[in-house]
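What follows is one structure encoded as structure tokens, with my remarks underneath.
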Amino acid sequence: MARPKRQDARREALLQAAGVAIQRRGLHATRVRDIADQAGVAAGTVTYYFRDLDELFRLVFAQAVDRFCTQREREAAAHEDPRDQLAAVLRHGLPTGPDDQLCCLLYEFSPHARHRDSDAQLRRELYERQLHLYRDVLTRGHASGRFDLRRPAEEIAANLVALEDAYGYHVIARTFMPRQQAEEHLFGYAALATADPSLAPENHYGPG
């Protein structure tokens with residue numbers, strides 16, 4: 001029974017190595033040999049676990065779904081008040097910083113998804129599940145009287161997901177926005193969109 005666990009550990013190690021190689025060289029310049037060298041294994045070991053980039057792509061998106069959907073659904077479910085639910089979801093939608101490997105891979109893979117229907121479907125599923133998460137919290141908050149939504153819940157949810165994607169890119173690219181500032185902007189928009197001053201950034205991070 002130990003063999004599957006060893007295989008899972010090896011697959012995870014190779015996925016991490018692939019992430020480092022892709023971050024350094026870019027997706028289209030990365031070859032099997034680069035991943036093997038990074039992992040310190042033979043090239044055949046890489047191809048045994050990852051037949052092609054498509055399989056790597058699927059694994060990356062499986063991790064993304066777990067982190068940005070499943071885990072955030074749990075975070076929301078841990079609270080009863082929709083305001084606390086929304087704050088919990090907002091706190092876990094951005095890269096941890098410029099070296100967040102999973103997010104770096106997601107942004108590397110994004111252009112790839114434009115050209116393959118199967119890849120685009122994975123990205124669509126990730127987007128739609130995040131959209132539904134935000135929409136459901138917003139809808140519950142409105143129904144309970146906690147939120148006075150200034151726009152339809154679906155629109156606010158779509159804007160929050162889009163802001164996460166845009167701000168996340170700037171965090172990864174080290175352009176002009178550190179993570180905390182990006183998160184404060186998300187809270188600021190959420191406060192305006194829900195007419196809920198408790199979500200204002202200064203109530204979570206102190207004076208700006």
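Going by full-length UniProt numbering, 190 is the number at position 190 of the sequence shown; the sequence numbering is gapless.
Cβ coordinates follow ideal geometry from the N, Cα and C atoms, glycine included.
Bear in mind the structure is a predicted one, so any value in this text is a computation, not a measurement.
Does R72 pass the burial test, meaning 16 or more other C-beta atoms within 10 Å, or should it be called exposed? buried
Going by C-alpha distance, which of D165, Y205, D8, P197 is nearest Q181? Y205
Quick check: what's the CA-CA separation for L106 versus I172? 11 Å
Given Y49, which residues of its chain have a CB within under 6 Å of its CB, disregarding the five upstream and five downstream residues? R11, L14
Euclidean distance between Cα positions of F109 and A29: 13 Å
Taking only the alpha-carbon atoms, compute the straight-line gap between E202 and G188 and give it to the nearest angstrom. 9 Å
Nearest to R101 by alpha carbon, out of Q7, Q16, L163, A195? Residue identity check: residue 101 is Gln in the sequence provided, not Arg. If we check each option's Cα against that of Q101, Q16 comes out closest.
Are the CB atoms of Q85 and H92 nearer to each other than 7 Å? no
Which whole-angstrom value describes the C-beta separation of C104 and G19, a residue pair presumed to lie in contact below a C-beta threshold of 8 Å? 7 Å
Quick one: residues in its chain with C-beta nearer than 8 Å to the C-beta of A88, no 5 flanking neighbours on either side, listed in chain order? R72, E75, A76, A78, H79
Terminal residues of the alpha helix (DSSP H) in which R83 lies: 82-90
Assumed close pair A153, R135 - CB separation to whole angstroms, cut-off 8 Å: 5 Å
Taking buried to mean at least 16 other C-beta atoms within 10 Å of its own C-beta, is F57 buried or exposed? buried
If you draw a straight line from the alpha carbon of Q196 to that of D148, how long is it in whole angstroms? Residue identity differs from the one stated: residue 196 is Asp in this sequence, not Gln. About 7 Å.
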